[in-house]
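In terms of the numbering used here, the sequence shown opens at residue 2 and continues consecutively.
Encoded as structure tokens, the structure appears first; notes follow it.
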Amino acid sequence: MQETATIEQLQQRIALYEDMNAYKDLYYQLFDGLHRFSFSIVRSKEVAEEIVSDVFIKIWQIRARLGEIGNLKVYVYTITKNFSLNYLQRTYKNAPVSIEEVDVEVGIEMRNPEELFISAEIMQTIRQAIMQLPPQCRLVFQLVKEDGLKYKEAAEVLNISALTVRNQLAIAIRKLGETLPAPVQKLIPTAKLFSAS
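Below, the structure written as structure tokens:
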């Protein structure tokens, strides 16, 4: 069974050897999360796809300097955030856009057979509860709970402190706990939504 290379290993192979296979592997590992993240900001799947493609073009352009980047995952999420906000600013003609002003849409992705038993109605209830969260809570929730970033990584991406990430996630989880009916909470894998990272 072939083991998936870590982001750090791929980063080094791209930086040192200009390894196109490593670049493709990096793309496949990060694309879905970056696409969801960009989509939550720009609200267009096509635009989000274009933004993520631009991010990876940028990565290839600076490949010789990739070894200097401490945490590539944080770096690409930050670039994605900036490209997405720049798109909104260009689209809405010089309107100042900050991450706090963005209405973030979060999608829950079912990943294992247990989660497949959750009905579409319950998933809709969960999505609605997440959409009721304040924008920064939603974004923190997505980065930590869906995309698997650590508090420190999410803090770097959003340019806030790790303590703020922790607090925003606690607020999100508390509000979801208050909003979602108890039977729905029991159906959700607790490690996914209601546990702290």
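Backbone N, C-alpha and C define an ideal beta-carbon position, used for all residues, glycine too.
Asked	Found
M132 to R139 span [Cα, whole Å]	7 Å
Segment contact, 8 Å Cβ cut-off, at least three pairs: the segment 49-63 with the segment 78-95	yes
Best match in V43, R64, Q129 and G68 for proximity to R91 [C-alpha to C-alpha]	V43
Cα-Cα separation, Q125 to V185	11 Å
G149 versus F142 - alpha carbon distance	10 Å
Outcome for G178 when other beta-carbon atoms lying within 10 angstroms are tallied against a minimum of 16	exposed
With 16 other Cβ atoms within 10 Å as the buried cut-off, status of I58	exposed
Alpha-carbon to alpha-carbon, R175 and V75	26 Å
Cα-Cα separation between N87 and K94, rounded to whole angstroms	10 Å
Whether S162 touches A156 by CB criterion (8 Å)	yes
Whole-angstrom distance between H36 and I60, CA atom to CA atom	16 Å
From Q12, Q129 and N168, residue whose alpha carbon lies closest to that of G68	Q12
Option in R64, S45 and V56 with minimal Cα separation from I15	R64
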